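In the working numbering, the protein residues as written are 1380 to 1487. The beta carbon of each residue, even a glycine, is placed where N, CA and C say it ideally should be. All figures in this text were calculated on a predicted structure; none of them were measured in a lab.
Structure representation (structure tokens):
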């Protein structure tokens, strides 16, 4: 593997690592319908603000979300809304796995 390919895969892995938390996936899902204040994300997910802030920082560092400050509030939105299309693809994989498992059980 050449250096450019390795760099590409390393960059992809960084994004996948940022997406590897159920809480971060829930944050992205919540942001899919628009920009939200951190306080609303905290309330919606019923998590501590410190935890949500760490997760948002990870997502921001991976380039998946972006933030803006308005007064004392910080608002986040998806930087790359196409990530939601990726979630739909993953949901299709899960449905397919479920169907395959159901078919296997039916043959027993």
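Counting only beta-carbon atoms, is residue 1402 nearer than 8 Å to chain B? Protein chains in the displayed structure number just one, and chain B is not present.
Quick one: is residue 1397 buried, meaning 16 or more other Cβ sit within 10 Å of its Cβ, or exposed? buried
Sub-8 Å separation of residue 1435 and residue 1421 beta-carbons: no
Need the endpoints of the alpha helix (DSSP H) that residue 1444 sits in, please. Element bounds for residue 1444: not the alpha helix (DSSP H) but the beta strand (DSSP E), 1444-1449.
Inter-residue Cα distance where the pair is residue 1442 and residue 1459: 8 Å
Buried or exposed for residue 1484, going by 16 or more other Cβ atoms inside 10 Å? exposed
So, helix, strand or coil for residue 1468, using DSSP? helix
Does the separation of the CB atoms of residue 1457 and residue 1404 fall below 8 Å? no
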